[in-house]
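Reviewing the structure listed below.
Chains as they are written, first to last, in my numbering: chain A, 117 to 466; chain B, 591 to 801.
Structure follows, in structure tokens:
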């Protein structure tokens, strides 16, 4: 584990208070974890509100308007309501699985942020397998959905969980394949190295530099939407067919955990897109790096929200066909082309 | 493959359409803050109309509206007084029965009632839906209406001298006696009304003549 930037600085400050050894690491990472947790909680609340506002205005409604200016604390009130609600549990549930499913979903959503750089040096830990770690940890979300489906002992929930598992297994392949193109050019799996390889001119961003970069970005985006279980790939909770899918039996805080995790995943997916294709925190020097990162990420989030409220849901067979017959061959072809270009040095480094 | 490329451009077009709607202003009316303008002839709350000049009720207690009402929402009690004129003792309108058909307004020959565009009168207590004469009159104070009754009075009015005319106005003044509460008359309103009525009268023949 290579600590960078903020982590090192925090460790030095804490060391000046006389902490040392194992305790120093524990305290440092506890502080960083709670800071990330706080940031992400606020972010998730904001994203829920933002999505509702955009969805409303796209349908020429206002969206939430009652609580505060244009309903800005609507989701906070919703969260408080969910906290107070009775935790309804089915008698025939699988107790252990039912309880741990939302917890796991939440943890998986948060754990990805260990390696996401919010700015220059604003990263908890720069793992040398960063992007692989994100891929691995976000897959836990699927397991949690499957657990929720199984633990609920409900046919709709189980169907939703199974669909989600099938979907994510299918879309993991094109997603990894589109990420590999970027990794090929960056020469590293570390998120910080990937971002730094795109430093300087904005033409260095992978979307412009990598051959068929926009294509790689699009295939990544499609796979990411499928991974985040959002429309048009929200088969796991297809309301019209499965009532609410995997979270049908969940209420109160457990439901809130699923719900917030979904929006954190939305941000994660967008943040990875920015790290891989849009140069991460790099931009004009006079604006702080974290501002650039958030600006870019929110732009991608906006695109994802637009997509969600524009397209109808796909059918299960269409979904599978699209993944295996179209996306997988296309992304593999893209890797081969990218490898050829890289081998012959047909790319620029401005 | 070509299908997929075509499909991709179709998807972009779809995003364009939703994006275009995103920039348009919402059509939602923020109800308690903003209110829609009701059409002139909308059938909402029934009100009792007052005379434009002295503010007394136009009702002559003829009971036509009560008889016309299909749901028996109107209850009038008007016994004859000492001078054998009907005195309006009770005029109750039960809005839980009213079906807003407007037959009472059609039956009335004296512009005493009108269905207005007012609609905010919901209540938690069912008894509050029964409105008495004072409430019906108060709600109807600001309602503008065409006076059917006045025309007849004015046709007669120019003929007699001033002293005789005072006798003839008496029937409308008798309605004042029914009003137990003092009627608040806004002088501004009456003034404007007074100015308006002659203007209307003057203008009408002119337009007819031009036509």
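For glycine and all other residues, C-beta sits at the position ideal for the given N, C-alpha and C.
Here the structure is a predicted model, which is why all the values come from computation and not from measurement.
Query raised in the report: Within the chosen definition, does the stretch 410-428 of chain A reach the stretch 379-399 of chain A through at least 3 CB pairs nearer than 8 Å?
Result: yes
Report task. Might you give, ordered along the chain, the residues of its own chain that have their beta carbon closer than 8 Å to the beta carbon of residue 268 (chain A), omitting 5 neighbours on each side? Result -> 206, 209, 214, 274, 362, 364, 365 and 366
**Report entry** Distance between residue 629 (chain B) and residue 220 (chain A) (C-alpha atoms, nearest Å)
**Finding:** 58 Å
Query raised in the report: Leaving out the 5 sequence neighbours to the left and right, which residues in its chain are closer than 7 Å to residue 435 (chain A) when beta-carbon positions are compared?
Result: 283, 349 and 351
Query raised in the report: Of the residues that make up the stretch 175-206 of chain A, which ones have a beta carbon closer than 8 Å to any beta carbon in chain B?
Result: 175, 176, 177, 178 and 181
Report task. Mind listing the chain B neighbours of residue 427 (chain A)? Cutoff is C-beta to C-beta under 8 Å, in chain order. Result -> 601 and 604
Query - residue 442 (chain A): contacting residues in chain B (beta-carbon distance under 8 Å) - result: 594
Query raised in the report: Does the count of Cβ pairs from the stretch 708-718 of chain B and the stretch 642-651 of chain B closer than 8 Å reach three?
Result: no
Report task. Taking all protein chains shown into account, decide if residue 599 (chain B) is buried (16 or more other Cβ within 10 angstroms of its Cβ) or exposed. Result -> exposed
Query raised in the report: At a CB-CB cut-off below 8 Å, which residues of chain A make contact with residue 597 (chain B)?
Result: Those do not exist, as residue 597 (chain B) stays about 10 Å from chain A at its closest Cβ, beyond 8 Å.
**Report entry** Against chain A: residues of the stretch 606-626 of chain B by CB proximity under 9 Å
**Finding:** 607, 608, 609, 611, 612, 613, 614, 615, 616, 617, 618 and 620
Query raised in the report: Rounded C-beta distance between residue 307 (chain A) and residue 246 (chain A)? I'm assuming under 8 Å.
Result: 4 Å
Query raised in the report: Taking only beta-carbon atoms, is residue 422 (chain A) less than 7 Å away from chain B?
Result: yes
Report task. Determine the extent of the alpha helix (DSSP H) in which residue 410 (chain A) is found, giving its start and end residues. Result -> 405-424
Query raised in the report: Just to confirm, are residue 228 (chain A) and residue 384 (chain A) a CB contact at a threshold of 7 Å?
Result: yes
Requested in this report: Starting from residue 371 (chain A), trace the alpha helix (DSSP H) both ways and give me its first and last residue.
Outcome: 368-393
Report task. Mind checking the stretch 143-170 of chain A against chain B and listing, in chain order, the residues whose C-beta falls within less than 9 Å of any C-beta there? Result -> 170
Query - Sequence-distant residues of the same chain with beta carbon closer than 7 Å to residue 388 (chain A), five excluded per side - result: 250
Query raised in the report: Any C-beta of chain B sitting closer than 7 Å to the C-beta of residue 459 (chain A)?
Result: no
Report task. Would you check if the stretch 600-613 of chain B and the stretch 162-180 of chain A touch, i.e. whether three or more CB-CB distances between them fall below 8 Å? Result -> yes
Query raised in the report: DSSP on residue 266 (chain A), reduced to helix/strand/coil?
Result: helix
Query raised in the report: Cβ-heavy atom distance between residue 316 (chain A) and the ligand SAH below 6 Å?
Result: Of ligands this structure carries none, so the ligand SAH is not represented either.
Query raised in the report: Which first and last residues belong to the alpha helix (DSSP H) in which residue 451 (chain A) is found?
Result: 444-460
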